[in-house]
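Encoded as structure tokens, the structure appears first; notes follow it.
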Amino acid sequence: MYLCRVKTAITRDLNKVLEALENGFAVGIPTETVYGLAANALNSEAVRSIFTIKGRPPSNPLILHFYDRKQAEPFIQEFHPELEVLERVFSPGPITFVVPKTDLVPSIITAGNAQVALRFPSQPDLRTLLSKVAFPLAAPSANKYGEISPTEASHVLRQLDGKISWVLDGGPCTFGLESTIVGMEDSLVTVYRLGSISLDDLSAALGYIPKVKNHASDVSLAPGMVKYHYAPKTPLRYYSREIVPKENTGYIFLSTVPEGFPVNRSCVLSARGDYREIARNLYRVLLEMDSRDFEELYIERPLPEGLGLTLLDRLNRATAKFQ
Ligand code: TXA
Ligand code: MG
């Protein structure tokens, strides 16, 4: 039935969303990072519909969402003490743990991998929902494969209208970038995706700088797959000082519009230059600028430190298509 066109509505009614999930349908859900496309992780038909709706290759595994460790216990074999350190500091919140799975996790979730990715979100409406469901929620970001992740309920509607019944409205996402994904390699924490929790924050909690193997930014691990992602439809390129203002072009700056650039075609991500605010606004501003029929978009490059590293990761992928 999910393949038929359905009427998509934004709702605040948790019970409607709960009922759809219990009946094996995928729904849009708020999280503190980005909106997700959630379904019952133990219902293979429901999980398959996530891949179909997103147009996502089945080789790309999904994250399980739980209320707490107790709910997750039957699905994981072990939780390394180093990951426990991070869990105590950052969970519930925007951090995803890759850990050995039990047989209860269907292989469609992990794309055949022996490890499963899971997280404990902090978004209050999602937490209420998670406290009521009798199964884990599998949820990738609620965008079409390769496109920009949604950070408001209306963005989900824009991308997935007609493909799901409900989007639970939890307001704008407070972080605005995907979760940071961590796992264990040689008894050391390794980062698989830079995210809402910066490398500096992880290092401060761990007492060492974890290795970054940034392969999990929705890019399939299969060889030959494209390296770009998070991309708008309008060609997006990095702004630099040599760039002069052009017609039919939109500009996204970090904190100030440089002299001579058209204010009505420019957006500022954070007037105070605060990187958390820049992160919170980035996808929304990209989506808005993408819908304004510009021929080209330019964006200022964030500094390569703290959350700036995550922003650069996403923007390098978003601009890769257009270089
Ligand atoms: O913030 C988030 O994590 C959001 C919200 C909705 O929770 N979810 C999200 O899911 O970003 P998705 O599917 O768009 O990205 C999940 C990433 C994928 O790139 C995938 O490769 C990686 O997590 N992943 C999933 N399972 C994994 C595993 N077992 N080992 C390594 N990476 C894994
Ligand atoms: Mg994604």
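According to our numbering, the stretch in the sequence shown is residues 95 to 417, in order.
For every residue, glycine included, the Cβ atom is placed at its ideal position computed from N, Cα and C.
DSSP has residue i in a bridge; who is on the other side?
i, result
"residue 273", "In the DSSP output, where bridge partners are listed per residue, residue 273 has none listed."
"residue 331", "392"
"residue 227", "According to DSSP, which records beta bridges pairwise, residue 227 is partnered with nothing at all."
"residue 361", "346"
"residue 306", "285"
"residue 159", "213, 231"
"residue 104", "261"
"residue 130", "123, 235"
Reducing DSSP to helix, strand and coil, say where residue i ends up.
i, result
"residue 192", "strand"
"residue 279", "strand"
"residue 369", "helix"
"residue 399", "coil"
"residue 404", "helix"
"residue 137", "coil"
"residue 203", "helix"
"residue 386", "coil"
"residue 211", "strand"
"residue 198", "coil"
"residue 120", "coil"
"residue 170", "strand"
"residue 412", "helix"
"residue 243", "coil"
"residue 144", "helix"
"residue 221", "helix"
"residue 374", "helix"
"residue 151", "coil"
"residue 338", "coil"
"residue 351", "coil"
From residue i to residue j, what distance separates their C-alpha atoms?
i, j, result
"residue 244", "residue 216", "17 Å"
"residue 363", "residue 256", "31 Å"
"residue 127", "residue 383", "21 Å"
"residue 265", "residue 354", "35 Å"
"residue 405", "residue 396", "7 Å"
"residue 129", "residue 214", "14 Å"
"residue 137", "residue 112", "15 Å"
"residue 379", "residue 139", "35 Å"
"residue 163", "residue 388", "47 Å"
"residue 145", "residue 386", "29 Å"
"residue 259", "residue 339", "43 Å"
"residue 159", "residue 225", "11 Å"
"residue 270", "residue 377", "7 Å"
"residue 375", "residue 193", "31 Å"
"residue 373", "residue 287", "15 Å"
"residue 305", "residue 189", "16 Å"
"residue 191", "residue 328", "34 Å"
"residue 131", "residue 219", "15 Å"
"residue 203", "residue 272", "18 Å"
"residue 318", "residue 390", "Because residue 318 sits at a pLDDT of 38, beneath the cut-off of 50, its placement in the model cannot be relied upon, and the following sentence gives the value as read from the coordinates. Their backbone Cα atoms lie some 27 Å apart in a straight line."
Start and end of the alpha helix (DSSP H) containing residue i?
i, result
"residue 247", "247–254"
"residue 165", "163–166"
"residue 108", "108–116"
"residue 297", "293–300"
"residue 175", "175–184"
Please report whether the beta-carbon of residue i lies at a distance below 8 Å from any beta-carbon of chain D.
i, result
"residue 117", "Of the protein chains in the structure, only one exists, and it is not chain D."
### Query
Between the region 150–162 and the region 286–297, are three or more C-beta pairs nearer than 8 Å?
no
#### Entry: Stretch pair the region 339–356 + the region 385–400: three plus CB contacts closer than 8 Å
A contact between stretches requires three or more CB pairs, one per stretch, nearer than 8 Å, and the region 339–356 meets this requirement with the region 385–400.
### At least 3 beta-carbon pairs within less than 8 Å: the region 280–290 vs the region 232–243
no
### Query
Is it true that the region 108–123 meets the region 196–208, where meeting means three or more beta-carbon pairs spaced less than 8 Å apart?
no
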